[in-house]
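Reading through the structure tokens given below for one structure.
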Amino acid sequence: MITEASVLDALSGVRDPELDEPITDLKFISDLRVGEGAVDLRLRLPTPFCAPNFAYLMVADAREALLAVPGVRRASVVLDDHHTADEINAGMVGGLGFGSTFHSFEDTDGDSLDELRAIFRRKAFVSRQEKLCRAMLADGYSSEDLANMSIGGLPDSEAKVTYLSRRRELGLDVSATAPFVVDPEGRPIPEEAVVQHLRFARVTRLSIESNAGFCRGVLAARQAGAPDISEREATL
Amino acid sequence: MYEKDGEKYFVVDGHVHFWNAGPDNRNKYGKMFIDCFYGYHSALSPEEYLWDEEKFADYSEETMMHDLFEIGYVDKAIFQPTYLLDFFPNGFNTTAQDAVMADNHPDKFILNSSFEPRLGEQGLAEFEEKHKRYGFKGVKLYTAEWHEDSKGWKLNDDWARRYLEKCQELGVKNIHVHKGPTIRPLNKDAFNVDDVDHVASEFTELNFIVEHVGLPRLDDFCWIGVQEPNVYGGLAVAMPFIYSRPRYFAQIIGELLYWLDEDRILFSSDYAIWQPKWLVEMFVDFQIPEDLQGEYGTLTPDIKRKILGLNAAKLYDIEVPPEIPQEEPAMAGGETGYPERPL
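Here the protein sequences come in this chain order: A and B. Heads up, the first sequence is in the numbering used here, so the first residue is 580 and it goes up one at a time. Heads up, the second sequence is in the numbering used here, so the first residue is 35 and it goes up one at a time.
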């Protein structure tokens with residue numbers, strides 16, 4: 580018996596690659612039907628002009644997540660009201676890759692999409708690291724402390740868990756002795772460069788967070804047909 | 035001109051449109067496109083400035099003149115054309131359409147044009163013709179636009195560089211580059227701003243204004259801005275955050291002031307997506323929240339004056355009335371920095 584909770588749990592692992600947040604939190608799910616061995620999901624993105632490559636990544640990831648839920652034998656993920664919805668939906672039914680899906684007017688291949696995903700994984704990592712450092716600075720650590728810390732020395736927090744998951748996704752060392760503040764290639768940042776590193780990482784985080792805020796506002800307006808300004812801003 | 039608390043501000047709106055996206059001039063993609071714009075409009079505008087969809091798709095000349103110049107404090111507005119002929123049979127807002135409006139109201143508008151490097155030699159000749167006719171000083175470019183088999187282009191492509199050489203020769207010195215939402219499937223990363231970096235160091239006589247300050251790639255944009263003194267940031271799309279997401283707005287402005295500086299940021303409304311009246315009023319009233327001032331400093335009237343109009347006036351040789359103070363500010367805000375020490 581497939582439960583809606585188990586399906587939603589699986590979908591919470593699917594993120595908008597650019598916003599680094601689960602599609603469940605972003606309210607991209609417009610309809611979900613759970614039946615005997617089958618799940619039908621509809622996704623609605625903030626605007627019909629959300630870049631198709633990102634739309635495709637989310638639809639494909641959602642489908643994969645659904646098929647990994649025990650008991651699910653058939654999963655259908657359909658994109659609502661997107662200007663390339665027809666192509667993406669047909670591509671999903673046929674099990675085609677992005678390149679084949681857009682073959683009629685596109686000459687891309689899977690590599691470029693993987694590259695795009697990799698760019699955003701690096702950015703997500705940089706941003707999560709900065710967020711964690713910022714929280715630690717607020718708790719009394721100095722920048723020297725951060726520069727000399729290893730993973731094992733990190734205090735427990737939700738931010739740490741998210742950070743480590745992004746770090747793991749990049750294939751970087753997450754063992755207790757691995758240095759904490761590193762660049763996306765895993766190279767440790769020297770003590771004297773930590774502040775400048777974080778200063779730049781802060782812009783990456785801001786970029787991701789403000790874009791997520793923008794998308795949320797647009798989606799809310801689209802769903803409600805009215806402005807949504809009541810939603811609270813993420814506080815830092 | 036806007037005046038508040040004894041301070042005067044000369045206002046140049048760096049990015050405006052006079053579009054026709056009504057039912058008589060759009061296909062199904064055109065409808066999606068204007069719906070998308072309407073989403074931005076309704077998501078980020080204060081309620082009293084909301085239009086209905088019909089008006090938003092096709093507003094009148096009178097409406098625009100009223101919103102910009104009668105109530106919106108704008109002294110000069112810069113037309114940035116957007117052709118989109120695949121979606122809107124007569125174009126969304128072309129140079130020719132904008133020119134009619136500009137002619138009707140002398141001294142109010144600055145007319146920019148555009149070029150399409152994939153048209154090669156013939157396009158280059160046409161561009162020169164167009165320049166002879168309209169005499170523009172700036173162009174707006176969409177590198178993510180499709181053309182026949184091409185899925186977009188880069189500013190440092192061979193042909194694009196030929197066009198930029200032509201711009202330099204003709205004195206078309208302001209190159210506005212749209213790095214933003216894509217409208218077609220793309221195998222390339224359309225937000226990528228690397229190509230701006232290449233041409234900015236090659237064409238040092240030209241100014242490259244990255245529209246939407248590179249959002250959602252503010253970080254990549256800032257990185258280029260640090261290295262290239264002729265790279266500017268246009269605030270279209272970032273501006274309305276001032277109302278619905280003021281903390282993000284404060285941080286975006288704060289980062290731009292740090293990585294670029296106060297001389298390279300340009301105000302724009304992106305009319306008719308948003309209206310300059312409330313943006314100007316809120317910006318003049320705006321201050322970095324206290325808890326962020328340690329990192330970002332504060333905004334002084336001099337900084338605001340530069341962003342609202344003086345920076346664009348310099349780029350476009352616009353005469354600024356003598357009552358507007360133009361001296362260099364003594365010290366912009368406080369000491370800014372990353373919180374190195376415990377907060």
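Glycine is no exception: its CB is placed at the ideal position from the N, C-alpha and C atoms. Quantities reported herein were computed from a predicted structural model and do not represent experimental measurements.
Looking at residue i: is its Cβ nearer than 8 Å to the Cβ of residue j?
i: T177 of chain B; j: S148 of chain B; result: no
i: L78 of chain B; j: P274 of chain B; result: yes
i: N138 of chain B; j: N59 of chain B; result: no
i: G792 of chain A; j: Y83 of chain B; result: no
i: L590 of chain A; j: T603 of chain A; result: yes
i: E737 of chain A; j: R784 of chain A; result: no
i: L294 of chain B; j: H232 of chain B; result: no
i: F143 of chain B; j: A111 of chain B; result: yes
i: Y372 of chain B; j: E329 of chain B; result: yes
i: Y107 of chain B; j: P310 of chain B; result: yes
i: V206 of chain B; j: H165 of chain B; result: yes
i: Y43 of chain B; j: R298 of chain B; result: no
i: E303 of chain B; j: H49 of chain B; result: Rather than Glu, the amino acid found at residue 303 of chain B in this sequence is Ser. The answer is yes: Cβ separation under 8 Å.
i: F255 of chain B; j: G248 of chain B; result: yes
i: G650 of chain A; j: I608 of chain A; result: no
i: L711 of chain A; j: N632 of chain A; result: no
i: V648 of chain A; j: S585 of chain A; result: yes
i: L620 of chain A; j: L598 of chain A; result: no
i: P151 of chain B; j: Y197 of chain B; result: yes
i: R795 of chain A; j: G73 of chain B; result: no
Buried or exposed for residue i, please, with buried defined as at least 16 other CB atoms from any protein chain shown within 10 angstroms of its CB.
i: V593 of chain A; result: buried
i: P115 of chain B; result: buried
i: S384 of chain B; result: Residue 384 of chain B lies beyond the residue range present for chain B, which begins at 35 and ends at 377; the question has no answer from this structure.
i: E764 of chain A; result: exposed
i: P596 of chain A; result: buried
i: R218 of chain B; result: Confidence at R218 of chain B is low in this model, with a pLDDT of 49, below 50, so the placement of that residue should be treated as unreliable; the coordinate-derived value is given next. It counts as buried.
i: K171 of chain B; result: buried
i: P140 of chain B; result: exposed
i: K174 of chain B; result: buried
i: T626 of chain A; result: buried
i: A664 of chain A; result: buried
i: V740 of chain A; result: exposed
i: M637 of chain A; result: buried
i: K62 of chain B; result: exposed
i: H212 of chain B; result: buried
i: L119 of chain B; result: exposed
i: S184 of chain B; result: exposed
In the structure shown, what three-state DSSP assignment does residue i receive?
i: H661 of chain A; result: coil
i: H100 of chain B; result: helix
i: I602 of chain A; result: coil
i: A270 of chain B; result: coil
i: K340 of chain B; result: helix
i: E41 of chain B; result: strand
i: F242 of chain B; result: strand
i: R745 of chain A; result: helix
i: H165 of chain B; result: helix
i: P112 of chain B; result: In the sequence under discussion, the amino acid at residue 112 of chain B is Ile, which differs from the Pro named in the question. The answer is strand: DSSP assigns I112 of chain B an E or B state.
i: G765 of chain A; result: coil
i: A589 of chain A; result: helix
Can residue i be considered in contact with the ligand FMN, in the sense that its beta carbon sits closer than 7 Å to one or more heavy atoms?
i: G592 of chain A; result: This structure lacks the ligand FMN; in fact it carries no ligand of any kind.
For my contact list, residue i and residue j are in at a C-beta cut-off of 8 Å; report their separation, rounded to the angstrom.
i: N146 of chain B; j: H210 of chain B; result: 7 Å
i: A780 of chain A; j: V657 of chain A; result: 37 Å between Cβ atoms; not a contact.
i: N208 of chain B; j: Y305 of chain B; result: That pair is no contact at about 19 Å.
i: E583 of chain A; j: L611 of chain A; result: 7 Å
i: V46 of chain B; j: I337 of chain B; result: The Cβ separation is near 15 Å, so there is no contact.
i: V782 of chain A; j: L269 of chain B; result: Incorrect: roughly 16 Å between the Cβ atoms, too far for contact.
i: E155 of chain B; j: K200 of chain B; result: In fact, because the Cβ distance is near 11 Å, the residues do not count as touching under 8 Å.
Tell me whether the segment 130-140 of chain B and the segment 186-195 of chain B touch, counting them as touching only if at least three CB pairs, one residue from each stretch, are closer than 8 Å. no
Between the segment 747-765 of chain A and the segment 720-730 of chain A, can you find at least three pairs of beta-carbon atoms closer than 8 Å? yes
Per the contact definition of three or more C-beta pairs closer than 8 Å, is the segment 332-339 of chain B in contact with the segment 93-111 of chain B? no
Okay, do the segment 83-100 of chain B and the segment 285-300 of chain B touch, 3+ Cβ pairs below 8 Å being the bar? no
I want to know whether the segment 232-244 of chain B touches the segment 768-777 of chain A - three or more CB-CB distances under 8 Å. no
Meets three-Cβ-pair contact criterion under 8 Å: the segment 55-71 of chain B and the segment 338-345 of chain B: no
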